Amino acid sequence: MPEGQRMSAVLADLLGHDLPRTQGLAEALTARLRGLVAGGALAPGTMLPSSRRLADDLGVSRNTVTAAFGQLAAEGYLVVRQGCRPVVAPGTGLAGPVPGRPPAGAAAMPRLSAWAAALPPAPASATLRPFRTGFGDPREFPHAAWARCLRDAARRSPAGPPAANAPALQAGLRDHLAAQRGVRAEPDRVVILPTARAALTLVAALVLDPGDPAWIEEPGYPGIREALAAAGARVVPVPVDAHGLTLPRDSPVPKLVVVTPSHQFPTGCLMPVARRRDLLRAADAAGALILEDDYDGEFHFDGAPVPALQALTGADRAIYAGTFAKATSPAVRVGYMVVPRPLLPVALAAQRHLGLTAAPQVQEALALFLGRGLYRAHLRRTRRLYRERRDHLVAALRKTCGDRIAVEAPAGGLQVLARLRDGTADAAAAARAGARGLDVLALSRLHAGPPGDAAGLLLGFAAWRPAELTEAVARLDAALRDA
């Protein structure tokens with residue numbers, strides 16, 4: 001058998017005879033040839049069959065093969081000359097190093113930054129296990145209604161480039177936040193973001209230079225500390241008391257203050273109006289900006305919620321940030337923030353420069369979800385459900401392990417802080433709970449500095465029904481008694 005004919009038969013077998021016989025045949029052939037070259041099955045210098053021969057063996061048109069060869073030549077995978085068979089280009093494919101050993105002559109990977117080297121490992125599993133914090137129950141979300149909003153949004157897609165911030169969602173959010181949180185803003189000041197964390201990333205990029213002091217709550221959410229450290233800030237942990245962030249006299253004057261005043265994470269305490277006004281006055285005197293992270297402010301169960309910091313200030317000192325993720329579905333990770341007018345032009349420029357935009361179709365679907373009253377109805381229903389689950393968990397903890405923990409029902413939020421009574425090391429208790437299939441946060445792990453005598457377990461409750469919480473409490477009790 002001539003060499004070209006033999007090569008064509010071998011290549012046809014490698015490519016497979018199941019190429020789609022629909023639109024996109026040339027693209028499919030191109031992708032498979034590219035994979036053979038990049039994966040090393042076709043080594044550099046290998047001469048391929050002619051387009052006519054390969055087309056005959058594959059049962060496709062010659063134009064299809066010619067188009068694939070031409071595309072791969074344009075990408076640098078093949079060398080194609082008039083009147084000659086294509087040749088796999090030099091420098092393509094795999095060199096085939098020994099597994100676990102870099103190729104000869106390869107330089108070492110660059111040294112990680114200090115920030116990257118200190119990062120905790122990403123969670124190995126996305127499984128939602130009992131007591132994981134920060135999640136509502138995805139089973140309670142009106143998926144069918146949300147799907148209709150997505151379909152309707154797709155049909156209404158504009159012909160031109162989509163806006164980074166959908167005007168319909170900006171207007172809907174402005175109305176919702178004014179009614180629910182007292183936030184005052186024109187629609188164009190509402191910046192839509194792909195996640196809640198993006199608000200912190202954007203604000204840090206706007207106002208922080210390396211070494212600038214930024215106050216955070218102590219204890220507090222580790223993600224805030226990590227994001228500010230990544231921005232090069234001098235992170236200053238400020239103690240929290242029963243009323244939230246304190247106002248220390250001996251700390252560096254901050255350029256940014258990040259707080260969770262509605263339900264402080266992790267203690268759950270509510271910052272009263274008087275403390276909020278003190279914080280605003282301190283920020284005004286320091287020339288600092290406040291980022292109010294209202295991550296689960298939609299879920300306040302006892303009494304009327306305190307207005308947002310942004311609603312209390314007459315100066316442009318507070319940025320209000322929130323998210324749809326807690327109240328809707330983990331898949332709807334859209335966040336937002338209300339930006340002071342003087343910062344708006346540069347915030348919009350930075351948003352585009354950093355690529356911090358949410359999917360346009362999801363923005364339009366959320367605007368429909370708000371405008372049709374679906375979000376408001378869902379919130380009313382889940383507030384009632386989650387309050388019942390909070391009460392059930394607190395009662396179950398007191399009944400089952402009240403001799404080992406002390407727990408109070410928080411006024412709002414999606415988690416309960418259970419403080420250990422007997423001096424048990426909370427990190428060890430959390431590890432034993434993890435061995436029993438629970439996802440528990442140790443309070444000591446949420447301190448930037450030494451935790452002192454703080455020992456407690458943070459327990460999420462919103463994503464589990466009462467019977468599931470009862471069973472999880474039994475497992476937690478067994479873990480506590482294993483000590």
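In full-length UniProt numbering, the protein residues as written are 1 to 483. Virtual Cβ for every residue (Gly too), placed ideally from N, Cα, C. If you're wondering where the values come from, they're calculated on a predicted model, not measured in any experiment.
Proximity test, residue i beta-carbon vs the ligand GTP heavy atom, cut-off 8 Å
{"i": "A367", "result": "With respect to the ligand GTP, the structure shown offers nothing to examine, as it has no ligands at all."}
Nonlocal neighbours in the same chain, by C-beta distance under 7 Å from residue i, ignoring five residues either side
{"i": "L11", "result": "L48, P49, L54"}
{"i": "P99", "result": "The pLDDT assigned to P99 is 49, lower than 50, so where the model puts this residue is not dependable, and the model offers no usable value."}
{"i": "P299", "result": "Correcting the residue identity first, residue 299 is Phe in this sequence and not Pro. Cβ neighbours of F299 beyond the five flanking positions: R383, Y386, G412, G413, L414."}
{"i": "A185", "result": "R174, V338"}
{"i": "A367", "result": "A166, A168, L169, G172"}
{"i": "R404", "result": "L420, R421, D422, L480"}
{"i": "L374", "result": "P142, A145"}
{"i": "W115", "result": "A229, A230"}
{"i": "R62", "result": "S51, R52, A55"}
{"i": "P307", "result": "R181, G182"}
Distance between beta carbons of residue j and residue i, contact taken as under 8 Å
{"i": "A347", "j": "V339", "result": "5 Å"}
{"i": "G335", "j": "A198", "result": "6 Å"}
{"i": "Q363", "j": "L169", "result": "5 Å"}
{"i": "V238", "j": "S251", "result": "6 Å"}
{"i": "P261", "j": "G244", "result": "6 Å"}
{"i": "T195", "j": "R333", "result": "5 Å"}
{"i": "D316", "j": "R341", "result": "7 Å"}
{"i": "L247", "j": "A214", "result": "Contact flag wrong, Cβ pair sits at about 15 Å."}
{"i": "A455", "j": "D477", "result": "Actually they are not in contact, since the Cβ atoms of A455 and D477 sit about 17 Å apart, beyond 8 Å."}
{"i": "R32", "j": "L58", "result": "With 8 Å as the limit, R32 and L58 do not qualify as a contact, their Cβ atoms being about 10 Å apart."}
{"i": "C149", "j": "A365", "result": "4 Å"}
{"i": "V253", "j": "I224", "result": "V253 to I224, Cβ: 19 Å. No contact."}
{"i": "A429", "j": "L457", "result": "6 Å"}
As assigned by DSSP and simplified to three states, the class of residue i
{"i": "A118", "result": "coil"}
{"i": "Y295", "result": "coil"}
{"i": "residue 486", "result": "This structure does not reach residue 486, given that the chain is present from 1 up to 483, and the question cannot be answered."}
{"i": "M7", "result": "helix"}
{"i": "G172", "result": "helix"}
{"i": "D477", "result": "helix"}
{"i": "Y375", "result": "helix"}
{"i": "V98", "result": "No answer about V98 holds up, because its pLDDT of 46 lies below 50 and its placement is not dependable."}
{"i": "Y336", "result": "strand"}
{"i": "H300", "result": "strand"}
{"i": "W464", "result": "coil"}
{"i": "L457", "result": "strand"}
{"i": "L128", "result": "coil"}
{"i": "R225", "result": "helix"}
{"i": "E217", "result": "strand"}
{"i": "D316", "result": "coil"}
{"i": "R234", "result": "strand"}
{"i": "V253", "result": "coil"}
{"i": "D482", "result": "coil"}
{"i": "V362", "result": "helix"}
{"i": "P330", "result": "coil"}
{"i": "D137", "result": "coil"}
{"i": "P245", "result": "Note on identity: in this sequence residue 245 is Leu, with Pro being the wrong assignment. In the structure shown, L245 sits in a strand (DSSP, three-state: E or B)."}
{"i": "P158", "result": "coil"}
{"i": "P342", "result": "helix"}
{"i": "L354", "result": "helix"}
{"i": "L289", "result": "strand"}
{"i": "V306", "result": "coil"}
Contact with chain C by residue i, beta-carbon distance below 9 Å
{"i": "E218", "result": "Judged by its chain identifiers, the structure shown contains no chain C, having just a single protein chain."}
Cutoff 6 Å; reference residue i; Cβ partners in own chain excluding five residues on either side
{"i": "D212", "result": "A233, K255"}
{"i": "L289", "result": "V207, L256"}
{"i": "A318", "result": "I290, E292, L309, Q310"}
{"i": "P86", "result": "L48, F69, L78, V80"}
{"i": "P466", "result": "H392"}
{"i": "L177", "result": "V183"}
Same chain, Cβ closer than 8 Å to residue i, five either side skipped, listed in chain order
{"i": "T470", "result": "H392, A396"}
{"i": "R132", "result": "D439, G460, A463"}
{"i": "R129", "result": "G437, L438, D439"}
{"i": "D482", "result": "R432"}
{"i": "L119", "result": "E226"}
Complete runs of the alpha helix (DSSP H) confined to the UniProt domain "HTH gntR-type" (23–91) [at least 4 residues]: 25–38, 51–58, 62–75
Pair every Cβ in the segment 135–145 with every Cβ in the segment 432–451, then say whether three or more of these pairs are closer than 8 Å. no
Any chance the segment 348–361 sits against the segment 262–276, with 3 or more Cβ pairs inside 8 Å? no
For the segment 385–451, list the beta strand (DSSP E) runs that are entirely contained and at least 3 residues long, ordered along the chain. 405–407, 415–420
Touch check for the segment 57–72 and the segment 23–34: three-plus C-beta pairs under 8 Å? yes
Where in the segment 161–212 do unbroken runs of the beta strand (DSSP E), each at least 3 residues long, occur, reported from the N-terminal end onward? 190–193
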